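Chemist:
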Amino acid sequence: TTADFAVKTHIWTDDWQVHHLIEGSDDERKHKKLLEAIGSMGGRKRKKQNERSEASVQVSEYFVNAEGTGDKVNLSDLLGTVEKTSGASNKTKKQLRNLQSSKETLELPLNKQQTEKVSAEFSVQLLVSCWKNIILQNQKAEQMVFPLNQESSGPKRVEQVVAGWKVQTPLEQEIFRLLHGSRQPVNDPVLTPVEEQSLKAMSLEEAKIRRAELQKARALQSYYEAKAKREKKIKSKKYHKVQNKAKRKDFLKQFDEMVKTNPEGALEELKKMELSRMEERMSLKHQNSGKWAKSKAIMAKYDDSARKAMQEQLQMNKDLTQKMVVPSDDEHESIEEGLETVPDFVNDPETVIDPVNPWMRGQLTHEEPEVSCVTAEEVQTAEEENEEEEIIGEFERKRKLRQVVEEDVVEVSDKEEEDEDEEEDVSEFNTLFRLMRSEKTREGSNQTRGGLNTAGEEDEEGLLSEGQIRVRSIEDLEVLDEVVEPRAIEEPSAPQTAAAEATSEPPHKKKREINLKEVLTKEAKAVRLPFLPTVVDEEERDEQISIIKEAFAGDDVISDFIKDKSRQEAAGRPAVVDLTLPGWGEWGGVGLKPPRWKRKRFRIKTAPPPPRQDQKLPDVIISEKRTASVASHQVSQLPFPFQNTAQFESSIRTPIGSTWNTQTVVKNMTKPKVVTKLGAIIEPMVKEDFIKSKTTALWLLEIGHKKFVFSVLGIVGLHVNSCAFCL
Amino acid sequence: QRRAIPFTLGVPRNYDPTLHPFEVPREYTRALNATKLERVFAKPFVASLDGHRDGISCITKHAKSLSTIISGACDGEVKVWNLPRQECLRTVQAHEGFVRGICSRFCGTSFFTVGDDKTIKQWNWEAPGYGVREEPINTILGKAVFTGIDHHQREGTFVTCGQTVDIWDEQRSSPIRSFSWGVDSFSCVRYNPVETELLASCASDRSVVLYDTRESAPLRKVIMQLRSNTLCWNPMEAYYFTCANEDYNLYTYDIRHLDVPVTVHMDHVSAVLDVDYSPTGREFVSASFDKTIRIFPKDKGHSREVYHTKRMQHVICVRWSADNKYVLSGSDEMNIRLWKANASEKLGLLSAREKAATHYNKKLIEKFQHHPQVRRIARHRHLPGDILKQKRELREMREAQRRKEQNVRKHSKPGSVPLLTEKEKHVVAVVE
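Residue numbers (full-length UniProt numbering), protein chains in the order written: chain A, 1 to 727; chain B, 1 to 432.
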């Protein structure tokens with residue numbers, strides 16, 4: 001019956017219908033009677049709803065009917081008089097006429113459950129959305145000082161201090177009455193009542209702004225709804241085809257980006273594509289075997305458009321059945337890396353780590369990718385004007401320069417030697433060296449450093465290592481070191497193999513070794529001479545040099561060095577393993593050599609090791625062995641927040657102590673992240689302190705999110721409905 | 001002895017890097033020393049307050065005074081403590097049976113207690129004069145046992161939980177609103193300290209329910225695999241809360257996306273009974289049935305600190321002091337313990353040089369935190385044998401479960417056994 005009712009109460013504005021109703025009302029009545037007669041014949045008595053036989057307290061609205069029951073109510077019936085009245089404005093009349101001519105029926109509002117669900121969803125979002133920026137800001141802040149919103153520590157105004165004070169004696173009362181009666185401020189900065197009132201009046205304007213915003217929101221909502229409905233209603237196949245095509249194109253574009261940014265998502269999409277391809281191949285939907293295709297094929301001879309359509313379809317088939325290009329190994333790697341850089345240690349089932357069992361060492365990662373290093377950079381960029389910074393920059397430059405110099409220690413020494421030494425050997429060596437050096441400088445930085453891989457990422461970073469050893473003194477700590485040390489020494493094997501990989505592979509790979517040399521110690525066995533200009537007189541220096549000459553007169557240091565180096569190189573080269581067994585499968589005996597094929601087959605050559613680091617440095621021997629004593633102090637893997645080794649190295653290289661930096665710089669660099677005041681209670685955030693400026697957000701919260709939600713989501717329909725008459 | 005150099009004079013110093021070589025090795029050595037000293041000075045235990053005659057069931061801080069706390073015991077006794085003097089100021093026999101919850105009024109003039117005797121009592125913070133009997137200001141008789149109470153941050157309303165979650169006006173003796181969702185009992189209810197109209201409660205049907213006090217029905221709830229015991233809102237980040245679960249873990253949720261917790265904090269080896277955020281909102285402390293308390297950074301999955309003593313039994317309640325310096329824990333064996341929140345921190349006022357040195361050391365440790373020696377020393381904690389054993393056991397079990405699941409996946413139709421992350425595993429459903 002409700003549907004019936006709805007139909008009845010609908011406002012039929014169609015002109016034709018009105019006419020029809022007026023003319024055919026007699027017929028309809030007859031028809032109805034006939035129907036009733038038929039109904040009564042059926043045995044089951046039909047409920048008679050039209051009549052009220054007796055008065056009752058509760059009257060259902062469904063049983064109330066006007067005299068002309070069954071007639072559909074007309075807008076003109078209700079408002080017929082308006083046309084005639086002179087008081088109604090033309091505008092109103094026009095609107096009414098428009099309303100009459102419009103054919104649309106109104107959409108049903110959402111049902112109650114849906115509305116409630118949406119409102120709950122919305123309310124939570126709305127309630128906390130205003131905090132997003134503040135929270136983000138606080139998380140990124142370099143330093144937070146608690147309690148927040150501290151009162152200024154300076155002297156307070158009188159009226160602040162005496163806020164809680166109350167008038168007590170009659171004299172005071174008298175005075176206060178006088179003072180306040182004048183409506184003048186008692187103390188300077190306090191507003192006069194008039195001013196306060198004017199301030200209050202300001203809120204009206206604010207309210208207006210807010211109302212406008214609300215209207216806008218409502219309008220937007222209705223626009224979107226209308227748009228969606230409109231688009232949904234379009235029946236044109238062509239339109240949808242075009243739309244779909246556009247969507248597909250868009251998607252392809254997005255997919256390219258997705259491969260770079262969101263490899264996981266891209267993979268999923270790829271899978272979907274694969275699926276659609278399979279479906280196409282199975283169904284052959286776009287092949288020319290369908291009914292439509294056959295008819296088109298006949299038409300195609302004569303009709304250009306049909307031909308085009310055919311071609312399009314075949315193209316579609318081609319597109320769909322085309323096999324997706326399997327991403328190359330490179331891409332795979334990038335995906336894997338992407339996965340690794342999306343850290344989620346909780347997801348790893350084997351987070352629990354056994355200090356003894358190396359297989360249990362899982363990948364542990366962080367939640368927060370940005371850590372102090374980034375902020376440090378920010379500081380540097382932000383305060384570039386600062387003089388201190390300039391000084392630091394200079395120092396840094398010098399430091400780097402010095403490191404370069406240190407690398408070329410021998411070069412300096414050579415120059416010194418060059419002046420005096422005329423020995424042939426040395427000069428020859430020098431020319432060779434210079435040649436090599438020029439080569440080296442040309443190559444510059446693209447010399448790949450041996451790389452450790454970051455694949456292991458990082459083990460158990462956040463985990464405490466809990467054990468039964470109590471630490472009470474420094475000695476205990478030393479013991480602790482020794483106890484756990486063996487594990488550290490186990491590690492090196494993996495990094496070294498990784499180093500080999502890194503050197504053999506192109507430099508675009510991310511996984512790289514940390515140059516341990518820069519991180520901690522320098523263990524080059526190079527011949528070192530002091531790089532600092534020693535403050536010695538020329539004569540003394542000459543003397544010294546002559547003494548040194550005398551002392552090493554018999555030694556041929558340089559040839560020794562060269563020999564030493566070649567020996568080390570030879571030791572590093574892999575030996576050929578001969579596994580030939582003479583006599584197997586042939587005659588054996590004294591003087592019989594195994595045949596050539598056999599020797600060839602069973603002599604196993606191992607792959608040559610990666611080129612030595614000192615290959616092109618004639619004056620340096622770089623030992624590539626890891627010394628255990630140093631290794632235990634060195635970082636073997638790139639720590640998580642850092643993207644590459646250079647970043648990490650630079651973070652380590654910059655000293656923060658007062659030995660190297662000026663006082664203010666040290667203060668800046670070492671300032672703690674969280675500062676609390678001693679003995680102060682840290683209150684939770686107060687909304688009003690933080691979200692004052694954002695009127696909209698606050699307003700939404702103040703007015704009551706619920707009302708807003710309803711007005712936007714639920715009542716739009718109703719609202720329009722009820723306003724149809726007063727437009 | 002070193003003479004202080006007047007600051008105004010300044011010390012001329014040449015910062016030319018060639019004059020100060022080996023900066024990295026020197027700083028590394030300093031960092032290593034700082035780390036060692038940090039561990040050596042890590043003495044977190046400050047004091048123990050004894051006097052209760054039964055296990056401590058709840059602790060609350062005074063809203064306006066740092067030095068005052070109240071504790072409720074399982075025998076219905078409530079004690080007011082002075083922390084700096086480490087003594088009990090006042091003892092009240094508040095309830096028959098357990099004191100289930102205490103909360104302080106925001107103005108710091110009175111506090112509320114609820115107990116097993118189905119009453120809510122409001123007490124004055126001021127002790128009555130000599131010879132005057134301890135009487136509550138106000139007593140409300142309820143229909144069922146109340147299990148928790150929390151007071152609004154700025155208004156005269158409070159909320160209790162038990163059979164239902166009720167919101168009370170201080171002036172009335174019947175709740176102005178009560179929520180229930182199914183027929184569960186609730187174990188904990190907390191106001192959001194920032195968005196003061198929001199409420200969250202832990203129900204015994206393993207769910208955490210969110211409410212808006214202005215609405216007539218609860219907003220939504222998330223059902224987990226095991227029950228949450230308590231929860232605590234982040235006082236600085238309005239939409240995060242952390243709940244302490246029976247499955248040994250803590251879960252931090254974002255109320256906008258309840259379907260997956262933001263972080264799973266795991267380290268305890270037994271049910272977690274209580275959790276409280278530091279007032280800075282950066283960390284929280286959790287108390288567990290495994291006789292330890294742990295401090296977690298809010299966004300890390302593992303704890304940065306674990307506290308335990310030989311005599312401390314199951315820790316039932318824990319609170320972080322309002323000045324971010326101390327942690328209070330109440331345990332089964334009738335003692336309240338006061339811990340430093342930062343184990344190696346020096347207490348009291350520091351001179352400027354001391355302060356600078358501590359900041360420098362902290363920064364050094366942070367800078368070299370990835371170096372194996374530094375890391376190893378900084379991470380080392382002593383743990384009693386039985387807990388260690390339990391930990392190993394638990395690890396074994398988890399490993400076995402993982403293996404099992406892997407095998408099942410291997411031998412079933414691809415896709416039929418989905419690969420769930422640790423975060424997704426523990427949430428059963430979100431109901432709206």
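All residues carry an ideal CB built from backbone N, CA and C; glycine is no exception.
Computed from a predicted model, the values in this text were never measured in an experiment.
#1: Measuring only between beta-carbons, confirm whether Leu108 of chain A sits less than 8 Å from chain B.
#2: Taking the straight line between their C-alpha atoms, what separation do you get for Lys605 of chain A and Gly585 of chain A?
#3: Determine the chain A residues that contact Phe100 of chain B at a beta-carbon separation under 7 Å, and present them in chain order.
#4: Strictly under 8 Å for the Cβ-Cβ distance: is Pro44 of chain B near chain A by that measure?
#5: Along chain B, which residues have their Cβ under 8 Å away from the Cβ of Met685 of chain A?
#6: Please state whether the Cβ-Cβ distance between Ala271 of chain B and Glu246 of chain B is less than 8 Å.
#7: Compare the Cα-Cα distances from Glu683 of chain A to each of B:Ser173, B:Pro193, B:Val40 and B:Pro12 and report the closest residue.
#8: Less than 8 Å between the CB atoms is what I'm expecting for Thr157 of chain B and Asp169 of chain B, so what's the real figure, rounded?
#9: Go ahead and pull the three-state DSSP assignment for Phe45 of chain B.
#10: Measure the C-alpha to C-alpha separation of Ser185 of chain B and Phe289 of chain B and round it to an integer number of angstroms.
#11: For His508 of chain A, would you say it is in contact with chain B, using Cβ-to-Cβ distances shorter than 8 Å as the test?
#12: Pop quiz: Phe296 of chain B and His265 of chain B are said to be a contact at Cβ under 8 Å. What is the actual Cβ separation, rounded to whole angstroms?
#13: So does the region 321–338 of chain B actually touch the region 92–99 of chain B, counting three or more Cβ pairs closer than 8 Å?
#14: Does the distance from the CB of Ile365 of chain B to the CB of Ala378 of chain B come in under 8 Å?
#15: Please report the distance separating the alpha-carbon of Cys232 of chain B from that of Leu250 of chain B.
#16: Please report the residue range of the beta strand (DSSP E) in which Trp168 of chain B lies.
#17: Could you work out which residue in B:Lys36, B:Gln406 and B:Asp212 is closest to Ser473 of chain A when comparing CA atoms only?
#18: Reducing DSSP to helix, strand and coil, say where Asn14 of chain B ends up.
#19: Kindly identify the DSSP beta-bridge partner or partners of Val114 of chain B.
#20: At the 8 Å Cβ level, is Lys340 of chain B part of the contact set with chain A, yes or no?
#21: In whole angstroms, give me the CA-to-CA distance for Glu274 of chain A and Tyr239 of chain B.
#22: Using 8 Å as the Cβ pair cut-off and three pairs as the minimum, do the region 343–354 of chain B and the region 57–66 of chain B touch?
#23: What is the rounded straight-line gap between the Cα of Glu77 of chain B and the Cα of Arg85 of chain B?
#24: Please give the ranges of any alpha helix (DSSP H) in the region 95–132 of chain A, keeping only runs that are unbroken, at least 4 residues long and fully inside the region.
#25: Looking at the structure shown, is Tyr251 of chain B part of a helix, part of a strand, or coil, going by DSSP?
#26: Tell me whether Phe552 of chain A sits in a helix, a strand or coil according to DSSP, three-state version.
#27: Going along chain A, which residues have a C-beta under 8 Å from Gln153 of chain B?
#28: Have a look at Ile558 of chain A and Ala628 of chain A and give me their C-alpha separation to the nearest angstrom.
#29: Any C-beta of chain A sitting closer than 8 Å to the C-beta of Thr252 of chain B?
#30: Using beta-carbon positions only, say whether Thr662 of chain A and Tyr15 of chain B come within less than 8 Å of one another.
#31: Quickly, what does DSSP pair Asp150 of chain B with across the bridge? List them, please.
#32: Which residue from B:Glu237, B:Pro235 and B:Ser201 puts its Cα closest to that of Val222 of chain B?
#33: Is there contact here, the region 387–398 of chain B with the region 206–226 of chain B, by at least three beta-carbon pairs under 8 Å?
#34: Please compile the residues from chain B whose C-beta is within a distance smaller than 8 Å of the C-beta of Met278 of chain A.
#35: When you compare the region 570–584 of chain A with the region 598–613 of chain A, are there three or more beta-carbon pairs, one atom per stretch, that lie closer than 8 Å?
#36: Give, in chain order, every unbroken run of the alpha helix (DSSP H) that is at least 4 residues long and sits entirely within the region 232–285 of chain A.
Modeler: Well, looking at it:
#1: no
#2: 23 Å
#3: Position check: residue 100 of chain B holds Arg in this sequence, whereas Phe was assumed. By Cβ distance, chain A contributes nothing, its closest Cβ being about 24 Å from Arg100 of chain B, past 7 Å.
#4: no
#5: Pro193, Val194, Pro235, Met236 and Ala238
#6: yes
#7: B:Pro193
#8: 6 Å
#9: strand
#10: 21 Å
#11: With a pLDDT of 44 at His508 of chain A, under the threshold of 50, the modelled position of that residue is not reliable, and the figure given next carries that caveat. So, not an interface residue.
#12: 5 Å
#13: no
#14: yes
#15: 11 Å
#16: Val165 to Asp169
#17: B:Lys36
#18: coil
#19: B:Gly101 and B:Ile120
#20: no
#21: 41 Å
#22: no
#23: 21 Å
#24: 112–129
#25: strand
#26: coil
#27: Pro684
#28: 30 Å
#29: no
#30: yes
#31: B:Val159
#32: B:Ser201
#33: no
#34: Correct list: empty, because the minimum Cβ distance to chain B is about 15 Å.
#35: yes
#36: 237–261 and 263–283
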